[in-house]
Each structure stands twice: as structure tokens, then as C-alpha cells.
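Chemist: Got a structure here, written out as C-alpha cells. Questions coming.
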Amino acid sequence: MSALRLVLRTQPSLRAQLLVPLVAVLLTLFAGSIMFTLLGKSPLAAFYAFFIEPLTTRYGIGEVLLKTGPLLLIAQGLAIGFRARVWNIGAEGQLLLGAIASGALALQFEMSDSKWVLPAMIVVGTLAGAFWAGIAALLRTRYNANEILVTFMLSSIALQLLYYLVTGPLRDPMGMSFPQSAMFGDAALFSPLLDGTRVNTSLFLSFIATACAWVFVQRSLPGYKLLVSGLAPGAARYAGFAENRAVWMGLLIGGAAAGMAGVAEVAGPLGLLQRNISPGYGFAAIIVAFLGGLHPIGIVFAALFMALIYVGGDMSLVSVGIPNASTTIFQGMLLVFYLACYVFVNYRLKRSGAEPAASRSTEVATDA
Amino acid sequence: MTELLSLRGISKVYPSVVANDNVNLDIDEGEIHAILGENGAGKSTLMKLIYGVSQPDNGTIQWRGQTVTIKNPAHARSLGIGMVFQHFSLFETLTVAENISLAVNGSIASLSKRITDVADSFGLPIAPDTMVHSLSVGERQRVEIVRCILQEPRLLIMDEPTSVLPPQGVDLLFATLRKLAQGGCSILYISHKLEEIRSLCDNATVLRDGKVVATVTPTEETTQSLARLMIGRDIPVTRQQTASSDGRVMLDVNQLSHTPEDPFGTSISDASLSVAAGEIVGIAGISGNGQNELMRLISGESLLHSSGSGTVSINGSKVNRLSPEQRRQLGFAFVPEERIGRGAVPDLSLGFNSLLTSHNAGLTRFGFIRFAAMAERAQQCIKDNDVRCGGDNALAGSLSGGNLQKFIVGREMALAPQVLVLSQPTWGVDVGAAADIRQALIELRNKGTAILLVSEEIEELFEVCDRLHVIYEGKLSESLRTAETNVQQVGQWMSGQFLSSPRADGLQHFDNQKAAGDSQSPAQSPSPRIAP
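Which chain is which? The protein sequence lines are B and V, in order. First residue of the first sequence? That's 206 in the numbering used here, and the numbers climb one at a time after it. First residue of the second sequence? That's 485 in the numbering used here, and the numbers climb one at a time after it.
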């Protein structure tokens, strides 16, 4: 009689909460080594190229930090919505809107050297991202349209909008018909942070956002209200926390963060509008948010790790010849393993025969 | 003869609170056996072991002479053990028949027929094509019972079934259970209601602190002797004192008419009531007659539509458009019927749950949570109300129903409200704790709080209320002084008779012609009509 079964915990385990992301990472590495072996590569060499090599050079570290910025920023915004069970999965589109709006502004003031150009771009881009998410909030609160579908579809629309603009109205007149805009003026660019790298001062935006998110989520009453709205809508109504406000806040905060990340991209490493603005940051940030346990501090580590996967993927392509798709595969495996492991935060494994307390009602509800 | 079910030395150790300690239990075929005990005595734990929800740490379970390990509820059902839970496990967005089809094989059409047959033969009126979300708790219980009966169990476990039923409903349920028992199905009946156990059960096993303290024949015991066995002391008697109201109206509902969005909800028509400071007013009625809708309008969880009319006033201010939070700032507090997911957030700690309605009571500053104050408030509430739990960090969902209710009632009382509205506050709470809650209500009233109490337990209403209204199909009767009426009259009014009765004070207007059609309650067995 040693059948194993899942048993609900009386309290979610803090230890499990900390262990889960680590175990998920280890499982991903293990599965990755199988994948590399099947590809005929030495797993050790591949891992070295993937996870160590980027951190051995100044340039590599710079690249990791460069990619940490948008991931961290977007994930912090998304996590706030996710805690309220508002599922914004269209951060990619909100990022693009932020990029488009701030890019259009930069092109408008191409010749300006005012120090206000960049702050104005940040504001406009952030608002544009929030606006794009706000469409989903409006449709959800007015017509009860599912925000998962709406935000996701709006991402496709945003991409098409970008394609149209860079091949039409915003195309560089001197650019030999390349589908891209003119270069932004210097006043519209973040200044470099480390010599010899592409990291720029927009990274500070991400850290400021992290600090704000921590205060909001862990300490503030509005953050608590948002959490209650997600966990128990009936209790939120009973307490008088407006349900629609949670939907609006969850989506607007996520959209604003993604829009700001879009500004950081175009006013950072890119310096112009083009067809490829984000290597899927908006989607990867969803994984980052969950991998970080929807906790502002956890998300910092998750963003660094995810950035490493991005950079490692590029580098190992060059040095070991691993296909570029391995980055996406790693991201996918990470999410799957994380979700699988997360079960153990609320449940524990027990040989049948002994188990913990818990007349939590869910235990009853799941088996009838 | 071998017993149907026999437990030997069953023990179950939990990390936090409850335990079963060396429990022995025997049940014969066709026997109605009571498990009697206070909240937290280990009754529900024991049932979960029998139903396979959890496994015992020690001891053996014998089913029809064979030692078995009941792996899970599905296994229990395949053995012939059915259970009706205190918290129902029905999908609200499905119909009755669809819900039952999840557990019983057969097409919806054939099931609907069988449901109607079983419902008729056991006197459990239920329409198979009704959506579950529109059913009252009492009706949902019927669905659960019908679902169990369709699986032809040899043992039916009922967890506090009457806590959701009106008096007439209890008789109906007992008739059903007796009929089942005569057919050879044994019934394990969990309750802390002594009168019920005396009138229904053949044998009773009394649990206290997880141990069997006695196995008795209930008919040979008195209510007092059973109570002593159960709680180890006599039941505290609520001290009723005459109200000393100064007549200042604190809660006023004036000619309220409202049609809820839910097409299956009950419309409120022309409801008027007022509660003065230092007065307890009760609303009697069978669940599903508009109590829920009326409460939501008073609490602010629902707002009047443009088609509705009337006013709700708290402390002299018209509050029709105010949110629950704004009403609370006028000195209003509310204990809702549902604990999990409405009165409390199951996935948050008790500390965070105290923040739910008390965040304006010094638990936040400039929009930031004061964690020390929050923990202190929760600990105080736990201590003052004898909430058995693992402390202020315990998740609300880990508490037993009665303990969570004590926490919620205590939390709302701690707000020192001027108007306190409670819906079924002692639902599923053990006798001792229920008496404590009633006592606290009376003390709060004596301090000048206006209290509105909605309950399906007539005895409870008579115990604490100064005046009583009866609600029936969304219509509210005039109020009766508790001292000048009796259980019988109120019981009859609960099936709509007040609609045709002569008016006592001329304040309220009832449509006499409509009354004849309304007086047939779908939920009732007909009771003799006596003109009040």
C-alpha cells in the first residue's frame, strides 16, 4: 500500500514556494541535456555556451542586462494583474503600441535636442500601452468579453499596425524602401550605462518599477483589494471592492509596463522603428511572472534567468551550433516544469495511509 | 449478524487542530446512527475517513465483514457509501439533471425521469431542468440527496443536513431518511442538534475532542444529558432581557421593490421594515424566498435597478447608491450567509481576512497595511470568540465551518456597528457556540445596536428577537412582537398565510386577491391552515 497521492496542505508551503522555481530550472536543464545529447552535442559544452559563456565577457553581461530590462518591467506589471486573476497575455502588443507611439513622437522631433523628448516618449509610450490594454478592460467590463482572447488578438493587430506604419506613413523617405523608419535623434535615446555594451539607462525604469510593485503588492491596501478580487470575487463584492476596478487596474498596470518596455526598446538598442522590435518579450514575461512566483523579488531573479536563456541561445548558436529554436524550447520547458512543480506549494505527496489536516473545502469539492 | 460498517481503533492525527483518537463505531443495516459532537470534535474528520476523502493513521475499517482500505470517494461510492456534504459540490452553471449525470450513468432524459420518480417517492420536489445557481441551499441539498439515492447506497452519510432547512423541511427530510432506512439503507447522521437526534436516530455515538465519550440510545436520554455528554457541561441559556430601545430608527427599508438580474432570483415587492437602536428584528422564512436579494440590497452588494423603487436608509441617510464600503462607514456591518468566498477569502490568512471589512478601523495608514495591527486584531478576534485554529496566519479555508463563522461574526461585531445585519449566523455552528453568538447579539443590542437577523431557525428568532417579520416569495409581512405571537403562527406565515390575513396595523398593503395563488409554496408539504 504505497500508492502516492496528493494531499492539500493547510497552509501553502513557503519552502516549496522557494524550491519550486529552482526545481523547475533543474528539470529544464536535465531535459535540455537530453535534447542536446540527441542533437549530437555535448550537454556540458552546450550548457557552458548557454549559461556560463554569456557571463564571462563584459559584452555578454551587458546583453543579459539589456534583455533583463524589458522582461523585468513587463513581468512586474503582468504579475499585478495575474494576482487579481486578470489574464493579460497580450503584453507583446502593448509593448508594440508603446514602441509605435513613442517612435512616432521621436520621429516628429527628429531634429530636436530638447531634454524633454525622451521623458515625453516614456509618458506617451506608457499611455499607449495602457490604452491598448484598456480596450480589453473596456470590453471585459462592458460586454464580459474574455480578456485572454482580446489581449491576445490585439497583439496581432498591433503587429499589423506596426508593419503598416513602417512600410507606409513612418517609413524613412531616404531609406531605400526598407521597411523601417529613420533613425531617432540623440535626444530620443537612452544614454549608455556601461562602455562596450548596449545596456542603457532604461534599466533603471525596470528597477524603479520593481520597487513600486513591491510596495504596491506587499504593503498597500489597493494591492490587497486587487488580490481579494482575484481570489474571491464574492468576498470583494461583500467588502465593497469594485470588481470592475480590479479588471481595469490589472490590465492598465500591465499595459503601461509593457508600453514603457516598448519605449525602452526603440529608444535603447534599436534607435528606430522596424518590423522586429521585440523577440517575444511580452510572452516570455508571462513565464517570468509565474517563475518569479508573482512576487516582485522573485520576478527579478526570474527575469535575469530568462534573459540569460535569450542571450545563451544566441551565443550557443554561434559557438556550439545549437539551433536558435532552443531558446523557445527552454522557455516552454521552463513554464511547463514550473506549473507542474507548483502543485507542491498547495499540495504535498503522501503515501496513502497518512496525511495532514485540512478540511479545506476544496478537498471536498474536488472529489464529488 | 455482522455489522454493515465497523470501525476499530481509528485514529487520525492532524498537524494543526483536529484528531480522531481510537474511535470505535458499529452500524447495522437499516440503522439510523447519529454522530453527535461539537464543532471541532472530529465528526467531519471521521466521516471523511469513512468516505475515503482521507485515510486513517491507525485502526481498521470493516465493511460488511471485510477489512477495507477506502482509497477515495469513488471507491467509497463503488462500495455503496454515499455522502451529502455540508458544503455542496454542485456546478452552479449546470442544471440539476446535468449535475447528477456527472455522477450517475444515463442520458439526461432518462435521468430526468428517474430524478422525478425518486423525488416524488421520497417527497423531495425538484425540477430536473432547473439551473443549480437559482436553487436555495435547501433545494441544493435535495439535489445532493437525490443524487446519492440514485446511486443506491447501502450507507448514506449526512453531514449536518438540517442546518440549511426550515422546520417543515426538517420533517420532510426525516420522513425521507426513515423511508430510506426502512428500505435497508443505513444512515450515518452527523449533527449537534439534540432534539433531532432524539426524534430520528436509533443510536448515537458522542464524540468530544476526537474521542468517543459514549454510545447511547437517544430516546432514552434527555436533551440535557446528551448536551452534557457532548460539551461536557450544560448548554448555556441565553439570558433574554426586555429591550430598552429609544426608538431611534437606525435601519429603515421603505417600500422596496426590486427585480434581480438573475432570472431565477426572487423579486422583492414592496418590502418595508425598520430597526431601531437597541432592538433585534428577525426575518423568518424558508430560504429562497427573497432573503438573499433583500440582504444584498441592504448590504449594498446589489444596487436598485432603474425599474426598482423604494429606499434603504442607514442611520438616517439614504444609502440606495452607496457601495458596501460606504455603508460600513455609516456604522453598518453585515454577516453574509456564505462564509467561504463571501464572508471570508479561503486562500488568505485570518489576518488578511480581518482586513476585509476592518481596513478602516486603524489597520491601514495612508493606504498602507499596518501588519502588526492587523495580526493583533485577528488574534483578538480569535481569542474573544474561541475560534479554534492555528493562529492568525492560518488560512480561512483551513477552519471548520463553525469556527470560520465564529471568526466572521466576531470580526463584524468588533467593528462596534450601530447597525448589524446577520444572515444565518449560527448555520452549522455547534450549540455552545451558537448560544454564545446569540448571547453576544443580545449584549450588543443592550448597548444600543440595531440588529436585523435573518434565520431559518424559528427557535433562534424567538430566543433573541424583539419583533419578527416573515418573508414569503419576496413579500415581507408586517412585524409581530415576539412576545405576542408563537411558533405556530410564524410557521404558517412562512408558507404565505400572512398575505390573506387581516392587517393588524394598517401600515402595510398586501394584495389579498393574489394571496390565494401565492399561498401554495413549492417547497412545502401542506400544513393545516389556521386563521391567525
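Glycine included, each C-beta is placed from N, C-alpha and C at the ideal position. For clarity, every value in this text was computed on a predicted model and none was experimentally measured.
(1) Could you work out which residue in Q536/B, R442/B, I504/B and K272/B is closest to S786/V when comparing CA atoms only?
(2) Listing by chain order, which chain V residues have their CB less than 7 Å from the CB of S218/B?
(3) Can you confirm whether S495/V, when its beta carbon is compared against all beta carbons of chain B, has any partner nearer than 7 Å?
(4) With a threshold of 7 Å between beta carbons, is L436/B in contact with chain V?
(5) Is the beta carbon of L277/B closer than 7 Å to that of A508/B?
(6) Below 7 Å between beta carbons: does that hold for A880/V and A924/V?
(7) Based on Cα-Cα distance, which residue from D686/V, Y673/V, V971/V and S984/V lies nearest to V568/V?
(8) List, in order along the chain, the chain V residues whose C-beta lies closer than 9 Å to that of P501/B?
(9) So, with DSSP's three-state summary, where would you put N449/B?
(10) Please check if any C-beta of chain B sits within less than 7 Å of the C-beta of V829/V.
(11) Give the residues from the region 418–445 of chain B that approach chain V closer than 9 Å (Cβ to any Cβ), ordered along the chain.
(12) Chain B beta carbons: is any one of them nearer than 7 Å to that of P744/V?
(13) Check this for me: beta carbons of I955/V and Q775/V, under 7 Å apart or not?
(14) Can you check whether the C-beta of I534/V is within less than 7 Å of a C-beta belonging to chain A?
(15) So I782/V and V737/V are supposed to be a Cβ contact under 8 Å. How far apart are they, rounded?
(16) Between the Cα of S801/V and the Cα atoms of G769/V, S833/V and L814/V, which residue gives the shortest distance?
(17) Starting from the Cα of S411/B, find the closest Cα among P438/B, L227/B, L431/B and V468/B and give me that residue.
(18) Cutting at 7 Å between CB atoms, please list the residues of its own chain near V493/B, excluding the five before and the five after it.
(19) My output table needs one value for P986/V: the three-state DSSP class, helix, strand or coil.
(20) In whole angstroms, what is the alpha-carbon distance linking G980/V and M615/V?
(21) Among I798/V, I935/V, W977/V and T579/V, whose alpha-carbon lies nearest the alpha-carbon of F748/V?
(22) Could you run through the region 829–845 of chain V and flag, in chain order, every residue whose CB is less than 9 Å away from some CB of chain B?
(23) If you draw a straight line from the alpha carbon of E970/V to that of R922/V, how long is it in whole angstroms?
(24) If you reduce the DSSP assignment to three classes, tell me which class M388/B lands in.
(25) Output needed in chain order: residues of the region 849–873 of chain V with a Cβ under 7 Å from some Cβ in chain B.
(26) Could you please give me the residues that DSSP links to R210/B through a beta bridge?
(27) Could you check where the beta strand (DSSP E) with Y535/V kicks off and where it finishes?
(28) Let me confirm a value: T544/V is counted as buried when at least 16 other C-beta atoms fall within 10 Å, else exposed. Which label applies?
(29) Cα-Cα, which of L936/V, E941/V and S596/V is closest to M734/V?
(30) DSSP three-state label for A845/V, please.
(31) Select from N869/V, E927/V, I824/V and D876/V the residue whose C-alpha is nearest the C-alpha of G885/V.
(32) Which parts of the region 904–966 of chain V are runs of the beta strand (DSSP E), unbroken and 3 residues or longer, counting only runs that do not cross its ends?
(33) Compute the Euclidean distance between the alpha carbons of R553/B and A221/B, then round it to the nearest angstrom.
(34) Would you identify the three-state DSSP class for M615/V, choosing helix, strand or coil?
(35) Given a threshold of 16 other Cβ atoms within 10 Å of its Cβ, counted over all protein chains shown, does H517/V qualify as buried or as exposed?
Modeler: Working from what's here:
(1) R442/B
(2) None at all; the shortest Cβ gap to chain V is about 12 Å.
(3) No, because no Cβ of chain B sits closer than 7 Å to the Cβ of S495/V.
(4) yes
(5) It is a contact, given that the beta carbons lie within the stated cut-off.
(6) Contact: no.
(7) Y673/V
(8) Correct list: empty, because the minimum Cβ distance to chain V is about 15 Å.
(9) helix
(10) yes
(11) V420, Q423, R424, S425, L426, P427, G428, Y429, K430, L432, V433, L436, A437, P438, G439, A440, A441, R442, Y443, A444 and G445
(12) The Cβ of P744/V sits no closer than 7 Å to any Cβ of chain B.
(13) yes
(14) Annotation note: the requested chain A is absent from the structure, which comprises protein chains B and V.
(15) 7 Å
(16) L814/V
(17) Selected option, being the one with the closest Cα: V468/B.
(18) L276, A280, I504, A507, A508 and M511
(19) Any reading at P986/V must be qualified, since the residue scores a pLDDT of 49, below 50, and its modelled position is unreliable; no value is offered.
(20) 25 Å
(21) T579/V
(22) Residues of the region 829–845 of chain V with a C-beta atom less than 9 Å from some C-beta of chain B are V829, P830, D831, L832, S833, F836, N837, L839, L840, T841 and H843, listed in chain order.
(23) Checking the displayed sequence, the identity of residue 970/V turns out to be Asn instead of Glu. Those two C-alpha atoms are separated by around 19 Å.
(24) M388/B: coil per DSSP, three-state reduction.
(25) G851, F852 and I853
(26) K555/B.
(27) Looking at the DSSP string, Y535/V is not in any beta strand (DSSP E), and its letter there is neither H nor E.
(28) exposed
(29) L936/V
(30) helix
(31) I824/V
(32) 934–938 and 951–956
(33) 9 Å
(34) strand
(35) Classification of H517/V: buried, given that the 10 Å Cβ count is 16 or more.
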